[in-house]
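Notes follow once the structure below has been shown.
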Amino acid sequence: MTTLTARATAPTSGQVRSHAAGRAGRSALAVLAQSAVVLLIASFITFALGAASGSDPAAVALGDMATPEDVARLNHEFGLDRPFLVRYADWLGSALVGDLGRSWFTGIPVTQSITAAFPVSLSIAVGATIAAVLLGGTTGILAAVRRGTWVDRVIGGVNAALATIPAFVAGIALILVFAFALPIFPVGGYVPPTISITAWVACLVLPSLALSLDAASDLSRQLRTSLVGALSQNYVVGAAVHGIPSRRIIWGHALPNALGPAIATLGLHVPRLVGGAVITEAVFGMPGLGQVARQSAISGDVPVVQGVLLVSVAIVVVSGIAVNLVLSRFSSAERTAT
0 MTTLTARATA
10 PTSGQVRSHA
20 AGRAGRSALA
30 VLAQSAVVLL
40 IASFITFALG
50 AASGSDPAAV
60 ALGDMATPED
70 VARLNHEFGL
80 DRPFLVRYAD
90 WLGSALVGDL
100 GRSWFTGIPV
110 TQSITAAFPV
120 SLSIAVGATI
130 AAVLLGGTTG
140 ILAAVRRGTW
150 VDRVIGGVNA
160 ALATIPAFVA
170 GIALILVFAF
180 ALPIFPVGGY
190 VPPTISITAW
200 VACLVLPSLA
210 LSLDAASDLS
220 RQLRTSLVGA
230 LSQNYVVGAA
240 VHGIPSRRII
250 WGHALPNALG
260 PAIATLGLHV
270 PRLVGGAVIT
280 EAVFGMPGLG
290 QVARQSAISG
300 DVPVVQGVLL
310 VSVAIVVVSG
320 IAVNLVLSRF
330 SSAERTAT
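Counted from 1, the sequence shown has number 125 at position 126 by numbering that gives the first Met the number 0; the numbering is strictly sequential.
If you want it as structure tokens, here you go:
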């Protein structure tokens, strides 16, 4: 009787999948809500910093001979004589539809300047992610397979060292080695892929590698730990006893079960890689968002600086949303399978 009752009340596979889908949906909504709040707070801080900068574009544009009346007239045209919250609400509303205003000094739309520079920063971030996966995945698997040997110890020591090196320091070191001592890659600059795919890849190698080292070291260590744990499981021992080749055991059985923590580790680094691309490109003199923000900050072009900051924060938030959604679906699939 008890067995029949337990069978009757046990959830079916369809119910398990339904509950998992419901959890995933609620998790996705929570991530979206939190991200929206973060983006709203970041936009307010960004606009407030620009307003508190004390920059007077009217006085700069008109020169020292301008009268107070002329300065007041131009400030009125810029909308700077309105209350702070009114200006913020207008700016945020326009930003939501893709209008970030115009440069105070050139009159070029901020969106146009960002659109021209964005592919450079995105290329570096994507290249760094690929490099982190290749370097971290290869060394992590090798260290796990050769655990306890000199190979494992060397990889562990290198990972510990790379985790302490900032991206800009790694970039300078890579320039000295691979651009001057061994002139293999260009020192800086950017070639669009529409002109030459080979030149585009060549100019991305060093900045992408410099940005990827921290993520690659963390990914390598996490994958090594997870894979060592998976290789010690009973099903792996049983597969080896039944004569299954070790390569098939590693790639077909142990590695898929060890990828979860490694994917989570990489997911934590993706927003950092996106944000770090803006800083790394400055070391290599690449015309990305970092260069646009730096030149605008020097000239006091507040709308451009605000636009670059807002877009950078939005990219980091969106990438974080994508990573969290992927990880939530991954964990839901694992719970469903168990």
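We put the beta carbon where it would ideally sit given N, CA and C, even for glycine.
Keep in mind the model is a prediction, meaning the values are calculated, not measured.
Run through the stretch 287-322 for me and flag every whole alpha helix (DSSP H) of 4 or more residues, listed as ranges in chain order. 288-298
Based on DSSP bridge pairs, tell me the residues matched to P108. R101
Jot down the residue ranges of each uninterrupted alpha helix (DSSP H) in the stretch 103-155, minimum 4 residues, whole runs only, in chain order. 109-144
Counted within 10 angstroms of its Cβ, other Cβ atoms place Q221 as buried (16 or more) or exposed: buried
Where does V277 sit, in a helix, a strand or coil, going by DSSP? helix
Would you mind sorting N233 into buried or exposed? The rule is 16 or more other CB atoms within 10 Å of its CB. exposed
Is the number of C-beta pairs between the stretch 182-200 and the stretch 99-113 that are closer than 8 angstroms three or more? no
So what's L44 in DSSP terms, helix, strand or just coil? The identity of residue 44 in the sequence shown is Ile, whereas the question assumes Leu. Helix at I44.
How would you write the range of the alpha helix (DSSP H) that L218 sits in, first residue to last? 196-230
What are the boundary residues of the alpha helix (DSSP H) that includes G92? 83-95
The stretch 164-181 in contact with the stretch 209-228 per 3-pair CB rule at 8 angstroms: yes
Beta-carbon proximity check, Q294 vs E280, cutoff 8 angstroms: no
Leaving out five residues on either side along the sequence, give the residues of the same chain with a beta carbon under 7 angstroms from the beta carbon of C202. P185, G188, Y189, V190
Leaving out the 5 sequence neighbours to the left and right, which residues in its chain are closer than 7 angstroms to F177 when beta-carbon positions are compared? I183, F184, L205
Which one of G319, G306, N323 has the shortest CA to CA distance from A94? G306
Is R81 buried or exposed, if buried means 16 or more other CB atoms sit within 10 Å of its CB? exposed
Buried or exposed by the 16-neighbour rule on C-beta atoms within 10 Å, applied to L254: buried
The alpha helix (DSSP H) enclosing L173, as first and last residue numbers: 166-174
Ordered along the chain, which non-local residues of its own chain (more than five positions away) have a Cβ less than 6 angstroms from that of A257? S225, L226, A229
F184, DSSP secondary structure in three states: coil
Tell me which residues share the same chain as A142 and place their Cβ nearer than 6 angstroms to its Cβ, disregarding the 5 neighbours each side in the sequence. D151, I154, R223
How would you label H241, buried or exposed, when you count the other beta carbons within 10 angstroms and need 16 or more for buried? exposed
Identify which residue in V315, N323, I320 has its Cα closest to the Cα of A124. V315
When A88, L99, T197 are compared against I40, the one with the closest alpha-carbon: A88
For V119, count neighbouring Cβ atoms within 10 angstroms of its own Cβ and tell me buried if that reaches 16, exposed if not. buried
For the alpha helix (DSSP H) holding Y234, just list the boundary residues, first then last. 233-240
Express the C-alpha separation of I243 and G251 in angstroms, rounding to a whole number. 11 angstroms
In terms of alpha-carbon separation, which member of F179, S231, L121, H268 lies closest to D217? H268
Give the single residue among T114, T128, I194, A51 whose Cα lies nearest to the Cα of V301. A51
G266 in three-state terms, based on DSSP: helix
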